[in-house]
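Data first, discussion second: the structure below is written as structure tokens.
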Amino acid sequence: MMKKKIFEKPIITKINAGVPDKFGMQNQIKAITHIDQVAIKDIIAEYGSPVFVISEQTMEETYETALQAFSTRYPKVQFAWSYKTNYLNAVCRKYHQLGSWAEVVSGFEYHKALSNGVEPNKIIFNGPDKSDEDLLLAIENKSLIHIDHFEELYTILKLANTTENKPKVAIRVNMDTGVYPMWDRFGFNYENGDAWNAINRLMLSKKVDFMGLHTHIGTYIMVGWAYGNAAKKLADLAVKIEKKFNHYIKYIDMGGGFASKNTLKGAFLPGTDTCPSFDDYAESITNALIGSDINPEHMPTLFLETGRALIDDAGYLLGSIIGNKRLTSGRASTILDIGVNILFTSFWYDHLLYPAEETSNYTEDTTVYGPLCMNIDVIRESLPFPNMKKGQHVVIKRIGAYNMTQWMQFITHRPAIVMIDKEGKTHLVRKRETNESIVNEELVPDYLQ
Amino acid sequence: MKIKENIAISESGFVFDSNTGDSYHLNTTAQIIMKFMKEDKDEDEIQELIMEEYDVDTDTLNLAYYDFLTMLTQFKLSENE
Ligand SMILES: Cc1ncc(COP(=O)(O)O)c(C=O)c1O
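Chains as they are written, first to last, in my numbering: chain A, 1 to 449; chain B, 1001 to 1081.
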């Protein structure tokens, strides 16, 4: 019998003269079939769909690139892993193994860092909400407490009377960096004098070890120079402290906020073309510090709390096609088993979506929906995508930041998380939820039993 | 469902709607289906002919076929008999 030809789905496309597609007419989409040599279909067969995947290899490569960018330009550099970005123990421990300290913003995260074996004096405690118990523990542990507001400052001074240990503190400073909107709700403002005022109160109290200055100017900052402006202002404060109190601070902490290479919604060009590199950020920050009036014999350590730019690329979300639907407008749409509840960042980013197996070369402008019975459940409003069949697999790239901490449990279990080690072996690092794991937290009053 | 009289289909897969001035491009499978439709073959016949030539199961072909017809309706290239 004659071998039959391969079937292509019939497609008709309207020719829009004079309105070329944003990326040219050719929209062929390459499949991603493997992550670090592991076949996607094998991962889904073993751990189910959807499933999060973390590449240890990519984590390590990205970390080394970032460290290299800063340590070749500045003598003392220390990364502190931003727990909120992804506080899976396996992820945190990997960064600690690579040399990162911990940056936490709650008692929950603080205890997580302790249980991950971080030495307490290598934990940076940030954020507006630290309870008195949390603060006292952090003081006794000699952790670095970054003060957010005056109430907290006075609480720490009061607590200092109750313990032998001098609190090790820094203040968080916010300032005009030339990038708007300005984040002025965290820390003490530079321009209106609040920051200098807070420093004076702490120094004059003689009850604390004044260790450093901290800022976190925002997130997904797309220009390096904003960091240069921020570093300059912190260096100015350091010089003022030197002059007035003859005191040298140990560190300047520039926070996080470097953009990952994701594309923001509505951006005309992809993030890979527009986002600064680690080298760009490092150049701005280290130039500002080295060029400042800080006494060169007492250069502070440069701390970085980089989150998304370190982990985003290492994260993947795998899923499956549930069905396809032609909308009444004629537009193609496809439904995935991945909802916005587990892909929180789809509210900001046009995430990269790829088939996990070879498909037809023909693509159509497609809307990609999640499985939630809710109108907001849209993964992509529009992207050129091939027609895929029910049960076929897809990959969403660059999702390692925030999704695995900000995800919401809704109408079904949150998926498993798998780490691929450097030898290409997979490890389950978070189990898929079960009915029991969710319902276990519930209680039914006696009268409804 | 049939293709409107004023729709011209070229050998190379271009479709021209003389009423609106719009033009379209077809892939090979779509060309074959449009050609059969122009020849007034009915749905069952067209699907059978495609299955003889192509490696495709009934369900996949059915889904693809009706999706294509929806697009023809959407572009106002077809009319009901
Ligand atoms: C104090 C602080 N440091 C670091 C980070 C990490 O930021 P990013 O993921 O933008 O690098 C955050 C995030 O909000 C933060 O609030």
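Just so you know, even glycine gets a beta-carbon here, dropped at the ideal spot from N, CA and C. No experiment lies behind these values; they were computed from the predicted model shown.
Residue of the options minimising C-alpha distance to residue i
{"i": "Ile-361(A)", "options": "Thr-1028(B), Ser-1023(B) and Met-1051(B)", "result": "Looking at the sequence itself, residue 361(A) is Asn, so the reference to Ile does not match. Here the closest residue by C-alpha is Thr-1028(B)."}
{"i": "Ile-40(A)", "options": "Ala-401(A), Lys-76(A) and Val-395(A)", "result": "Val-395(A)"}
{"i": "Asp-279(A)", "options": "Glu-46(A), Glu-64(A) and Ser-131(A)", "result": "Glu-64(A)"}
{"i": "Thr-272(A)", "options": "Gly-330(A), Asp-350(A), Phe-245(A) and Ile-199(A)", "result": "Asp-350(A)"}
{"i": "Lys-1038(B)", "options": "Gln-1074(B), Lys-1004(B) and Asn-1080(B)", "result": "Lys-1004(B)"}
{"i": "Glu-119(A)", "options": "Leu-98(A), Asn-141(A) and Glu-381(A)", "result": "Asn-141(A)"}
{"i": "Asp-129(A)", "options": "Ala-113(A), Ile-147(A), Ile-123(A) and Leu-137(A)", "result": "Ile-147(A)"}
{"i": "Lys-206(A)", "options": "Lys-158(A), Gly-193(A), Glu-191(A) and Arg-185(A)", "result": "Lys-158(A)"}
{"i": "Thr-412(A)", "options": "Leu-317(A), Ser-260(A), Glu-436(A) and Ile-399(A)", "result": "Glu-436(A)"}
{"i": "Asp-1044(B)", "options": "Asp-1055(B), Asp-1022(B), Tyr-1065(B) and Tyr-1054(B)", "result": "Tyr-1065(B)"}
{"i": "Phe-258(A)", "options": "Lys-265(A), Ser-115(A), Thr-306(A) and Glu-242(A)", "result": "Thr-306(A)"}
{"i": "Gln-406(A)", "options": "Asn-86(A), Phe-52(A) and Leu-67(A)", "result": "Asn-86(A)"}
{"i": "Phe-79(A)", "options": "Thr-345(A), Ala-102(A), Tyr-190(A) and Glu-60(A)", "result": "Ala-102(A)"}
{"i": "Asn-161(A)", "options": "Ile-294(A), Ile-15(A) and Leu-135(A)", "result": "Leu-135(A)"}
Through-space distance from residue j to residue i, alpha-carbon basis
{"i": "Leu-1026(B)", "j": "Gly-391(A)", "result": "27 angstroms"}
{"i": "Ile-139(A)", "j": "Asn-324(A)", "result": "57 angstroms"}
{"i": "Asp-21(A)", "j": "Gly-339(A)", "result": "Because the pLDDT at Asp-21(A) is just 48, under 50, the model does not fix this residue reliably, and the point stays unresolved."}
{"i": "Phe-1036(B)", "j": "Met-1051(B)", "result": "14 angstroms"}
{"i": "Ala-356(A)", "j": "Asp-42(A)", "result": "11 angstroms"}
{"i": "Met-1071(B)", "j": "Gly-48(A)", "result": "35 angstroms"}
{"i": "Lys-240(A)", "j": "Glu-283(A)", "result": "24 angstroms"}
{"i": "Ser-1078(B)", "j": "Val-1015(B)", "result": "12 angstroms"}
{"i": "Met-404(A)", "j": "Ile-1032(B)", "result": "48 angstroms"}
{"i": "Met-1034(B)", "j": "Phe-347(A)", "result": "41 angstroms"}
{"i": "Met-25(A)", "j": "Pro-296(A)", "result": "Confidence at Met-25(A) is low in this model, with a pLDDT of 43, below 50, so its placement is unreliable and the value that follows should be read with caution. Answer to the nearest angstrom: the Cα atoms are 56 angstroms apart."}
{"i": "His-34(A)", "j": "Ala-401(A)", "result": "21 angstroms"}
{"i": "His-298(A)", "j": "Tyr-248(A)", "result": "7 angstroms"}
{"i": "Ile-420(A)", "j": "Ala-314(A)", "result": "10 angstroms"}
{"i": "Asp-1040(B)", "j": "Asn-1080(B)", "result": "12 angstroms"}
{"i": "Leu-1049(B)", "j": "Ile-1009(B)", "result": "20 angstroms"}
{"i": "Glu-381(A)", "j": "Val-368(A)", "result": "6 angstroms"}
{"i": "Leu-1061(B)", "j": "Cys-373(A)", "result": "28 angstroms"}
{"i": "Glu-358(A)", "j": "His-393(A)", "result": "10 angstroms"}
{"i": "Phe-1068(B)", "j": "Asn-375(A)", "result": "26 angstroms"}
{"i": "Leu-318(A)", "j": "Phe-344(A)", "result": "15 angstroms"}
{"i": "Leu-114(A)", "j": "Glu-441(A)", "result": "25 angstroms"}
Cut-off 6 angstroms between Cβ atoms - residues of its own chain near residue i, not counting five sequence neighbours on either side
{"i": "Ser-1018(B)", "result": "Asn-1006"}
{"i": "Pro-445(A)", "result": "none"}
{"i": "Tyr-74(A)", "result": "Thr-286 and Leu-302"}
{"i": "Ala-332(A)", "result": "Glu-364 and Thr-366"}
{"i": "Val-91(A)", "result": "none"}
{"i": "Glu-433(A)", "result": "His-413 and Arg-414"}
Closer than 7 angstroms: residue i CB and nearest ligand 1 heavy atom
{"i": "Glu-191(A)", "result": "no"}
{"i": "Arg-308(A)", "result": "yes"}
{"i": "His-216(A)", "result": "yes"}
{"i": "Phe-70(A)", "result": "no"}
{"i": "Ser-82(A)", "result": "yes"}
{"i": "Phe-258(A)", "result": "yes"}
{"i": "Thr-65(A)", "result": "no"}
{"i": "Gly-315(A)", "result": "no"}
{"i": "Glu-364(A)", "result": "no"}
{"i": "Ala-416(A)", "result": "no"}
{"i": "Gly-255(A)", "result": "yes"}
{"i": "Ala-235(A)", "result": "no"}
{"i": "Ala-138(A)", "result": "no"}
{"i": "Glu-103(A)", "result": "yes"}
{"i": "Ala-401(A)", "result": "yes"}
{"i": "Thr-219(A)", "result": "yes"}
Beta carbon of residue i nearer than 8 angstroms to that of residue j
{"i": "His-452(A)", "j": "Val-439(A)", "result": "Only positions 1 to 449 of chain A appear in this structure, which leaves residue 452(A) out of reach."}
{"i": "Gly-255(A)", "j": "Thr-215(A)", "result": "yes"}
{"i": "Arg-172(A)", "j": "Phe-188(A)", "result": "yes"}
{"i": "Ala-238(A)", "j": "Leu-213(A)", "result": "yes"}
{"i": "Lys-250(A)", "j": "Ala-288(A)", "result": "no"}
{"i": "His-96(A)", "j": "Gly-117(A)", "result": "yes"}
{"i": "Glu-342(A)", "j": "Arg-414(A)", "result": "Residue identity differs from the one stated: residue 342(A) is Ile in this sequence, not Glu. Yes, they are a contact pair."}
{"i": "Lys-168(A)", "j": "Met-211(A)", "result": "yes"}
{"i": "Ile-379(A)", "j": "Leu-336(A)", "result": "yes"}
{"i": "Ser-292(A)", "j": "Ala-235(A)", "result": "yes"}
{"i": "Gln-1074(B)", "j": "Gly-330(A)", "result": "yes"}
{"i": "Asp-194(A)", "j": "Lys-166(A)", "result": "no"}
Contact set for residue i: own chain, Cβ-Cβ below 8 angstroms, skip 5 residues either direction
{"i": "Lys-9(A)", "result": "Ser-360, Tyr-362 and Asn-387"}
{"i": "Val-179(A)", "result": "Ile-217, Gly-218, Ile-221, Val-223 and Ala-226"}
{"i": "Trp-183(A)", "result": "Asn-174, His-216, Ile-217 and Gly-218"}
{"i": "Thr-1020(B)", "result": "Lys-1076"}
{"i": "Asn-16(A)", "result": "none"}
Sequence-distant residues of the same chain with beta carbon closer than 7 angstroms to residue i, five excluded per side
{"i": "Phe-125(A)", "result": "Val-104, Tyr-110, Ala-138, Ser-143, Leu-144, Ile-145 and His-146"}
{"i": "Ser-55(A)", "result": "Ile-35, Asp-36, Ala-314 and Ile-420"}
Ligand 2 heavy atom lying under 7 angstroms from the CB of residue i
{"i": "Val-118(A)", "result": "The ligand content of the structure shown is limited to ligand 1, which means ligand 2 is not among them."}
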